[in-house]
Each structure stands twice: as structure tokens, then as C-alpha cells.
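Structure record follows, encoded as C-alpha cells.
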Amino acid sequence: MGTDESMPGEDDTALRFPVLIGDIGGTNARFSIVLDANSEASEPQIVQTANFNTIDEAIQAAVLDRSSVRPNSAVLAVAGPVDSDEIQLTNCPWIVKPRKMLANVGLGDIVVLNDFEAQALAVVALGEEHMEKIGGGAPEPNAGRVVLGPGTGLGVAGLVHALHHWIPVPGEGGHMDIGPRSPRDFEVFPHIETIEGRISGEQILCGRGLVNVYRAVAKADGKPAPFKTPAEVTAAALAKSDPVAEEALSMFVTCLGRTAGDLALVFMSRGGVFLTGGIAQKIVPALKAGNFRAAFEDKAPHSELMRSMPVYVITHPLAALSGLAAYARNPSLFGVQTAGRRWQT
């Protein structure tokens, strides 16, 4: 049997347990096993993608060689569009080939999702103990939500509740235009590196984007820019040891607030806006400094609406796996369309 072409309305979403779940990023791949509908996911196995030629080899070494449990199904989240039988990852040389995996790994059923769909599912799966609130009021239980993840790039997904299902809406929102607004922006933005003449969110709101802004601030003021990595810029900014780095992080946070606010308006996110990934977790003090919330709320004529919307930083280190586990346990809770993204023997 090839890709899933089942008729709408059939409840064929259930997966045969045990279910292997995997979150495949550019640098790391994280795997776990969900034994049954009532089980938490097993202790995650984390491997570096560079250490394996293929995902099949990584699964063999990280999961199959370490456990007597043999999964029957898999749900994998990958950083890249899922649009064929050979799925190229954005920041990793692996090519995921589900048809071959069915034979190589001994699986009967494979579902491949976009990595930000998994992050959106995690928003439903995680409790508030795994979140740090950045202002706003109480979330409305079944209202729209938005997930943003500044990381290697800028991931964006919506989450809407309809017909008793949570439906993730993946897309390429990280590539929307972003422009200058304040007088200082107009001094700095001409020095921000463009792609074909355009500044998209991803040119500012990701790791290399932060370095991009740092260099632009330095150029605008004719100052040196010795730092080369996002970690160096962030550390210097949070330690208040370098004024250029401080301003770069402040501008990053302001632009993140503006973009988060724009997306909150698009999805009417009365259920909250959720920031995911390592960068957001590391800069919580900067996000609480005030300029993030000010930029998020500065959306006349809807500023009052924006003030009511809560923003959260997801602090769980393996949020995507939690989302995948929730989906694996009960796929029918989620309106995830698997046509063309499910392979079965």
C-alpha cells in the first residue's frame, strides 16, 4: 500500500503501538517510544545527525539496538516540507525515505509531519508548569493560538480549534517582510543583510539574524563587531558587557514582539502566543524587560485586544516530542491531514 489516500470521515487515524516518535532537527535527532495509549514516552535518545549517514542508521543505533521493544509505527517531525516520497531536510544532509524505512526499520506505518506542526501540538500537550508567561491576561480555552520559534531559522505555525479537533496550520511565516519603524530602526536597517533586496523575519529573528542585527548596529555607529556567534552576542548582552550587543538583543526582542503581535492578529490568538526553542529560553530576562510586550501590544486600533493576549515561553527542553507523543496516543484529537504524508505496508 502506498501513501494514505483514505476517504474523509473514516476513523483510520489510529496508529499500532508501540509507536516510535522522532523530532529531526538540523543538528540533533531525538527519538522515543510510546508503548500504548496510556503511556508516557520513554526516555528520549538524542543523537547528532552528523554522526550518521541516514535516519535509518540513527534509529537502529539510538533505538533498536538499545531496546527489546520493536515499534510497529512511527511519527516523525522533520525540518522541511513533506511533499514527496523523498523528504529533504532544510539544515541536515539526511533524506528521509519512508518507503525504504518501512523495510529497513521493520515498521508497518509511518507518518511524517513538519517540525512546527509538532511544536503546535506541544502547545496543547504541555501544562503551564512548562511555560514562562510574558504578560497578558488569561488564555481562552479553545481560542486560536500561534507558535513562533526563532532558532536556526524562524518557524511559525498556527493552531485552531474546530469541530472538536486541534488543527495545526504550518506555513512559512518566518519569511514575511519585516521593516523599520522607529528613527533608530531607519539608521540600522540599511546595514542589515538582505536576501535579493528583501529583509524577511528570518534575516533578524533567528540565530544568524541576531548576529546580522549586531553587525548592523555596529556599522551604523562605526563601532567594532568582534562577536561571531549568537551565543557570544546573547551572553554579552545579558551580562551588559557590550553596548552594541545589548542594543542588538533589544532590537531583536522588539522585532520579535512586532512579528508575534502581527501573527496574533492573523490567528486572533486569544488562546496565547507561544515562543519555542533554545533562543527564547535563553533570553527570558530580555523578553521580560518590557520592550517585547510594548511592541506586541502596539497594534492600534487593536491595542486593547493585544493587551489581553498572553505570551508564553515554552521551557520544556523536548517540547516537540511531547506534542508527537500526544498525537501518537490519540491522533483523532488532532485535525492533522495525513494524505500524502503517511506510508503503510
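Each residue of the sequence shown is one higher than the one before, starting from -8 at the first, in this note's numbering.
By construction, the Cβ of each residue, glycine as well, lies at the ideal position given by its N, Cα and C atoms.
Computed from a prediction, not measured in an experiment: that's the story for all the values here.
Rounded straight-line distance, which links the Cα of Val264 to that of Ala271: 13 Å
Local Cβ density within 10 Å of Ala70, reported as buried at 16 or more and exposed below that: buried
Test item: CB-CB of Asp106 and Gly16 under 8 Å: The beta carbons of Asp106 and Gly16 sit closer together than 8 Å.
According to DSSP, residues forming a beta bridge with Arg332: Its beta-bridge partners do not exist; DSSP assigns none.
Beta-carbon gap between Asn334 and Arg7 smaller than 8 Å: Position check: residue 334 holds Trp in this sequence, whereas Asn was assumed. Contact flag unset, no.
Counted within 10 angstroms of its Cβ, other Cβ atoms place Thr336 as buried (16 or more) or exposed: exposed
Glu77, DSSP secondary structure in three states: In this structure, Glu77 counts as coil in the three-state DSSP scheme.
Extent of the continuous beta strand (DSSP E) run through Phe22: Residues Asn19 to Val25.
Neighbourhood of Ser23 by C-beta, 6 Å cutoff - its chain only, sequence neighbours within 5 removed: Ile12, Ala32, Ser33, Pro35 and Leu312
Boundaries of the alpha helix (DSSP H) in which Arg136 is found, first to last residue: Unbroken run through Arg136 is the beta strand (DSSP E), Arg136 to Pro141; no alpha helix (DSSP H).
Delimiting residues of the alpha helix (DSSP H) encompassing Leu256: Pro234 to Phe258
For Phe177, three-class secondary structure by DSSP: Helix.
Nearest-angstrom Cβ-Cβ length linking Phe325 and His152, presumed shorter than 8 Å: About 10 Å; that fails the 8 Å criterion.
DSSP state of Met(-2) mapped onto helix, strand, coil: Per-residue confidence for Met(-2) stands at a pLDDT of 35, beneath the threshold of 50, marking its modelled position as unreliable; the derived number appears in the next sentence. Residue state, collapsed to three classes: coil.
Leu145 in three-state terms, based on DSSP: strand
Proximity of Val304 and Met92 at Cβ, strictly below 8 Å: no
Environment of Arg320 [buried if 16+ CB atoms lie within 10 Å]: buried
Identity of the residues DSSP links to Met122 by a beta bridge: Ile305
N-terminal and C-terminal residue of the alpha helix (DSSP H) that Ser58 is part of: No alpha helix (DSSP H) holds Ser58; DSSP gives it neither H nor E.
Cβ distance (whole Å) where Thr267 is taken to contact Val147 below 8 Å: Rounded, the Cβ-Cβ distance is 10 Å, inconsistent with contact.
Helix, strand or coil at Asn95 according to DSSP, with G and I counted as helix: helix
Within 8 Å, strictly: CB atoms of Asp14 and Arg21: yes
Per DSSP, the bridge partner or partners of Asn105: Val69
Candidates Val327, Gly331 and Gly314, of which the one nearest Gly118 by Cα: Gly314
Beta-carbon proximity check, Asp100 vs Ser64, cutoff 8 Å: Result yes, Cβ atoms of Asp100 and Ser64 sit closer than 8 Å.
Delimiting residues of the alpha helix (DSSP H) encompassing Gly269: Gly269 to Lys273
Candidates Ala285, Gln328 and Lys273: closest to Pro308 by CA position: Lys273
Separation of Leu98 from Glu295, as counted between CA atoms: 51 Å
Straight-line gap, Ala129 to Glu48 (C-alpha atoms, nearest Å): 45 Å
Helix, strand or coil at Ser64 [DSSP, three-state]: strand
Distance between Thr245 and Gly198 (C-alpha atoms, nearest Å): 15 Å
Residue range of the unbroken beta strand (DSSP E) whose run includes Gln365: Any property of residue 365 remains undetermined from this structure, which presents the chain solely from -8 to 336.
Buried or exposed by the 16-neighbour rule on C-beta atoms within 10 Å, applied to Phe287: buried
Selection from Ile158, His166, Arg206 and Gly165 that minimises the alpha carbon distance to Pro181: Arg206
Three-state secondary structure assigned by DSSP to Phe325: strand
Backbone CA spacing between Asp212 and Asp76 [nearest angstrom]: 50 Å
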